[in-house]
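Peer 1: Those letters in the sequence shown? Residues 254 to 410, per my numbering, in order. Have a look at the structure that comes next, please.
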Amino acid sequence: MDEATLTDALEREHHEIDAGLEAFVVGIEAGQNVTADLTRATSALRRHIYLEEEFLFPPLRSSGLLAPVLVMLREHGEIWRTMDALEQEVADQDGRGATERCRELLSLLEAHNAKEEPIIYPEGDARLSGEVKEELHAFIQRGTMPDGWVCAMAAPR
Numbered sequence: 254m255d256e257a258t259l260t261d262a263l264e265r266e267h268h269e270i271d272a273g274l275e276a277f278v279v280g281i282e283a284g285q286n287v288t289a290d291l292t293r294a295t296s297a298l299r300r301h302i303y304l305e306e307e308f309l310f311p312p313l314r315s316s317g318l319l320a321p322v323l324v325m326l327r328e329h330g331e332i333w334r335t336m337d338a339l340e341q342e343v344a345d346q347d348g349r350g351a352t353e354r355c356r357e358l359l360s361l362l363e364a365h366n367a368k369e370e371p372i373i374y375p376e377g378d379a380r381l382s383g384e385v386k387e388e389l390h391a392f393i394q395r396g397t398m399p400d401g402w403v404c405a406m407a408a409p410r
């Protein structure tokens, strides 16, 4: 693991996901077929949400961070539904017209990450056992999300 802390590793994933989504917008605006770029970025984002909800949030919740974790879960649901809508627009329109939805997703991620990075991640570094941290680092390096997994609050409102 190159990163010294979970915060470093998880923030790196945020930056990579954002860069992939931004590349999709730029590519679409340039008239390129960049749906593969979007697929990579949304797959990475779904996997990232999975690792947080399955590995990071449960022990944080148990250690007393109930309210912040619930906020993150609610926002994950909104992010997940926006990804679903974006992917449907791309499928229906071959990527054209999806830039606005992708910008909406980037805006949601910016607001979400602005809370998650300074609050949740440092608490993970401080509160999680060494065993849980090792499990998270291992997943970050090579873990895969189970087929069909959906985040806790992805159901339509």
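From the three backbone atoms N, C-alpha and C, an ideal C-beta is built for every residue, glycine too.
#1: According to the neighbour-count rule (16 or more other Cβ atoms, all chains shown, within 10 Å of its Cβ), is Gly284 buried or exposed?
#2: Rank Ala407, Val343, Leu298, Glu328 by C-alpha distance to the C-alpha of Asp271 and give the top, closest one.
#3: For Val279, which option in Ala408, Glu370, Glu353, Pro375 has the closest C-alpha, if you only look at C-alpha atoms?
#4: Going by C-alpha to C-alpha distance, which of Pro321, Thr335, Thr260, Lys368 sits closest to Arg356?
#5: Could you say which of Trp402, Glu369, Ala407, Val385 lies nearest to Thr260 if we only look at CA atoms?
#6: Rounded to a whole number of angstroms, what is the C-alpha to C-alpha distance between Pro371 and Glu264?
#7: In whole angstroms, what separates the C-alpha of Ala262 from that of His390?
#8: Write down the C-beta distance between Val232 and Phe308 rounded to the nearest angstrom, noting that I regard them as a contact closer than 8 Å.
#9: To the nearest angstrom, how far is it from the Cα of Val324 to the Cα of Val287?
#10: Note the first and the last residue of the continuous alpha helix (DSSP H) segment covering Ile270.
#11: Going by CA-CA distance only, name the one from Val385, Ala408, Glu328 that's closest to Ser360.
Peer 2: In short:
#1: In the sequence shown, residue 284 corresponds to position 31, counting from 1. Counting Cβ neighbours within 10 Å, Gly284 comes out exposed, since fewer than 16 surround it.
#2: As a first step, residue 271 must be located in the sequence shown, where it is residue number 18. The candidate whose alpha carbon is nearest that of Asp271 is Leu298.
#3: In the sequence shown, the residue the question calls residue 279 occupies position 26. Ranking Ala408, Glu370, Glu353, Pro375 by Cα distance to Val279 puts Glu353 first.
#4: Numbered from 1 along the sequence shown, position 103 holds the residue referred to as residue 356. Nearest option by C-alpha distance: Thr335.
#5: The residue given as residue 260 occupies position 7 in the sequence shown. For Thr260, the nearest C-alpha among the options comes from Glu369.
#6: Numbered from 1 along the sequence shown, position 118 holds the residue referred to as residue 371. Numbered from 1 along the sequence shown, position 11 holds the residue referred to as residue 264. Their Cα atoms are separated by approximately 10 Å.
#7: Here residue 262 is taken as the residue at index 9 of the sequence shown, counted from 1. Here residue 390 is taken as the residue at index 137 of the sequence shown, counted from 1. Their backbone Cα atoms lie some 8 Å apart in a straight line.
#8: In the structure displayed, the chain extends from 254 to 410; residue 232 sits before or after that span and is not available.
#9: Numbered from 1 along the sequence shown, position 71 holds the residue referred to as residue 324. Numbered from 1 along the sequence shown, position 34 holds the residue referred to as residue 287. Each residue's alpha carbon lies about 32 Å from the other.
#10: Position 17 of the sequence shown holds residue 270. Ile270 -> alpha helix (DSSP H) spans 259–282.
#11: In the sequence shown, counting from the first residue as 1, residue 360 sits at position 107. Considering only alpha carbons, the answer is Glu328.
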